[in-house]
Amino acid sequence: MTRKFDILVIGAGPGGYIAAIRAAQLGFSVACCEFNAYDSQEHEPRLGGTCLNAGCIPLKALVASSEAYEKTAHSLSSHGITVNGVTIDVARMQQRKEEIVTRMTGGIQFLFRKNKITLLKGQASFAGKTETGFRITIGGNDGKEDVVAQKVIIATGSKARHIPNVKVDNVTICDNEGALKFTEAPKKLGVIGAGVIGLELGSVWRRLGAEVTVLEVMPSFLGSADESVSREAAKLFLKQGLRIKLGVRIGQAKLTEQGISIAFTDDQGAEHLLECDKLIVSVGRVPNTDHLNLEAVGLQTDERGFIPVNDHCATAAPGIFAIGDVVRGPMLAHKAEDEGVMVAELLAGQKPHIDYNTIPWVIYTTPEIAWVGKTEQQLRSEGHDYKTGMFPFAANGRALGLGDVEGFVKMLADGKTDEILGVHIIGVNASDLIAEAALAMEFRASSEDIARTCHPHPSLSEAIREAALAIDKRALNM
Ligand code: FAD
Ligand code: NAI
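The opening position of the sequence shown corresponds to residue 1472 in the numbering used here, with each subsequent residue numbered one higher.
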């Protein structure tokens, strides 16, 4: 007999699994379908999508290990701590990363059982419409099954974009999948694309001793960040030894006996060859709609491959929604999750809303970079009347105690109303600090609201308050 569900979620990444849990909490009968990499022993798909299996979580595990190594090897002497002969066992580091991933993907299996969500193991493709909903074929290792659902949430995510003449084998020339699995630190690492993955992964292997060269097509560095932050980041990364070449054009990548040689043209038109033993290709991601057979329900993708949706993630086919990386907006796990919650609540008759302007961004480099809202260059080009306040971590007691004094907090507020328009942080723990700014903006706080809020001392969060005070030229510790 055909199994029937109120809601079928396609994909168990952060968008899909969170949508499934929220929908189950709201009383719907829910199935979630996933075909990702069957675990050989368990015969189960790995849940959690890109984020848990080949993205956020494994990469942040490597970030933490490599930061711990670098700190132990190079930064403890000022504390009076002498450590000799520090070594890194990359295999053990990778094993720790795998343990974290396994624990988290297993955690989603538990959450599915707890919330009575049916896990359909296989690849979903639309078979057509029914009187009250949709027929979907699930093709798995155990054969095919057709299920029927009244509503469908597509959360099929994205995959790495590749470029011509650079053939990814995920051993020597790698996208995110292979680059998270290196078994030793490369001596020379090439990275194509100075975006989020390039900088995070480039920094991981630089900390572990690789000589890293990043080749970026754009003439400017980190164009989506605030200009003061990009300038500071470029200065700090150069000091750390990351070589970043802007305005390049990539030619042919060839496998050689030693590794890879990549031809590129620099911003002056001169031709070069970069020799390295591993190459990471991190030039953005493309939405994943393979095998969905969208035509069967009258849907098609836009010219960039995304499924078109409105502000509530509804597609052109009534009853079908799409969320996360497969639709417009930033490709971020927390954005996918929030869209999942929004759609589930909409289907339950609630009136949720996402303010896309208050979605925070984080880049997990050393120091971390985080921001929410508009950049100064955006406000300037919009002709917005704004005020600026900045405060350096070098003047923050907690940062001094930690020995992490690089960077600053920059706040932008409306020139007349004082409403906070953007907050930009480069510094230690920026990923956690930015949450205060996102909350403040969600409540449409003014810089004075933050300036008047008591912050714990000594803490890094005082730098946010001082930046708010600086907007009114009354920072107290600067
Ligand atoms: P995905 O996580 O891609 O999940 C989609 C799922 O759908 C997959 O499991 C896939 O197997 C499944 N699927 C696809 N088609 C079908 C089908 N036909 N049938 C059944 N199942 C299907 N974001 C952050 O916010 N913070 C970070 O620190 C961060 N770090 C990242 C690091 C890296 C290296 C990468 C690559 C990405 C990172 N991201 C980060 C981005 C983040 O991983 C994505 O934005 C997020 O995973 C998107 O969630 P999603 O649910 O839309 O899709
Ligand atoms: P990205 O969009 O961040 O950066 C890609 C970079 O490659 C850009 O600077 C682009 O100009 C450059 N580029 C494009 N084509 C090129 C070419 N032919 N030659 C040289 N350079 C080229 O994409 P990335 O780093 O692949 O990451 C994908 C997405 O994953 C991110 O946009 C982000 O949404 C998500 N992500 C988020 C993280 C976080 O939140 N901390 C961490 C890692 C990824």
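For every residue, glycine included, the Cβ atom is placed at its ideal position computed from N, Cα and C.
Go ahead and pull the three-state DSSP assignment for residue i.
| i | result |
| --- | --- |
| F1499 | coil |
| R1936 | helix |
| C1691 | Reading the sequence as shown, one finds Ser at residue 1691 and not Cys. S1691: coil per DSSP, three-state reduction. |
| I1481 | strand |
| A1783 | Checking the sequence shown, residue 1783 turns out to be His, not Ala. In the structure shown, H1783 sits in coil (DSSP, three-state: anything other than H, G, I, E or B). |
| T1589 | strand |
| S1511 | Note on S1511: pLDDT 47, under 50, position unreliable in the model; the coordinate value appears next. Of the three classes helix, strand and coil, the one that applies to S1511 here is coil, per DSSP. |
| E1602 | coil |
| N1948 | coil |
| R1775 | coil |
| P1801 | coil |
| C1951 | A query on residue 1951 cannot be resolved here, the shown segment of the chain reaching from 1472 to 1949 and no further. |
| V1814 | helix |
| E1655 | coil |
| V1700 | helix |
Can you tell me the Cα-Cα spacing of residue i and residue j, whole angstroms?
| i | j | result |
| --- | --- | --- |
| V1814 | L1883 | 32 Å |
| I1935 | R1869 | 13 Å |
| E1602 | Q1496 | 26 Å |
| G1860 | L1709 | 26 Å |
| M1472 | V1843 | 50 Å |
| Y1488 | D1903 | 24 Å |
| H1743 | T1736 | 6 Å |
| S1511 | K1622 | With a pLDDT of 47 at S1511, under the threshold of 50, the modelled position of this residue cannot be trusted; read the value that follows with caution. So the alpha carbons of these two residues sit roughly 32 Å apart. |
| S1674 | L1713 | 8 Å |
| Y1509 | P1516 | The pLDDT assigned to Y1509 is 48, lower than 50, so where the model puts this residue is not dependable; a value taken from the coordinates is nonetheless given after this. Rounded to whole angstroms, Y1509 to P1516 spans 4 Å at the Cα level. |
| K1475 | Y1827 | 34 Å |
| K1600 | D1796 | 25 Å |
| F1960 | L1947 | The structure shown has nothing for residue 1960, since the chain only spans 1472 to 1949. |
| I1834 | E1570 | 23 Å |
| V1639 | A1650 | 11 Å |
| E1808 | G1486 | 4 Å |
| K1749 | K1659 | 7 Å |
| M1564 | T1576 | 19 Å |
| R1493 | I1559 | 41 Å |
| A1941 | G1790 | 49 Å |
| G1519 | P1758 | 17 Å |
| A1938 | A1620 | 51 Å |
Under the criterion of a Cβ to heavy atom distance below 7 Å, does residue i qualify as lining the ligand FAD?
| i | result |
| --- | --- |
| V1797 | yes |
| S1596 | yes |
| Y1827 | no |
| C1747 | no |
| L1763 | yes |
| G1611 | no |
| K1431 | Residue 1431 lies beyond the stretch modelled for the chain, which goes from 1472 to 1949, so this question has no answer here. |
Residue i: which of the options sits nearest, CA to CA?
| i | options | result |
| --- | --- | --- |
| R1567 | A1741, E1541 and P1529 | P1529 |
| R1720 | R1702, V1700, L1713 and V1685 | V1685 |
| E1766 | R1474, F1605, T1521 and L1518 | F1605 |
| G1484 | K1630, K1615, V1700 and A1562 | K1630 |
| P1823 | G1811, I1830, I1552 and A1705 | G1811 |
| H1762 | G1486, G1664, G1611 and G1898 | G1611 |
| N1586 | F1499, D1646, A1562 and K1658 | F1499 |
| V1700 | D1646, Q1821 and I1897 | I1897 |
| D1856 | S1753, I1891, A1866 and P1831 | I1891 |
| I1840 | F1597, L1670, I1715 and N1636 | L1670 |
| D1989 | D1889, L1947 and M1949 | Look at the range of the chain in this structure, 1472 to 1949, and you will see that residue 1989 is not part of it. |
| H1633 | K1806, V1554, N1507 and A1724 | A1724 |
| M1595 | G1578, D1617 and D1613 | Position check: residue 1595 holds Ala in this sequence, whereas Met was assumed. Among G1578, D1617 and D1613, the Cα nearest to that of A1595 belongs to D1617. |
| T1573 | G1614, S1546, L1523 and Q1848 | L1523 |
| N1647 | W1832, E1816, K1531 and A1866 | K1531 |
Is any heavy atom of the ligand NAI found at a distance shorter than 7 Å from the C-beta of residue i?
| i | result |
| --- | --- |
| S1753 | yes |
| P1690 | no |
| V1667 | yes |
| L1709 | no |
| R1915 | no |
| I1830 | no |
| P1801 | yes |
| L1686 | yes |
| G1664 | yes |
Quick one, are the C-beta atoms of residue i and residue j less than 8 Å apart?
| i | j | result |
| --- | --- | --- |
| T1836 | E1538 | no |
| A1626 | A1525 | no |
| F1862 | V1876 | no |
| T1772 | T1786 | no |
| C1504 | G1593 | yes |
| E1746 | G1722 | no |
| T1589 | A1696 | no |
| V1561 | E1655 | yes |
| V1662 | V1683 | yes |
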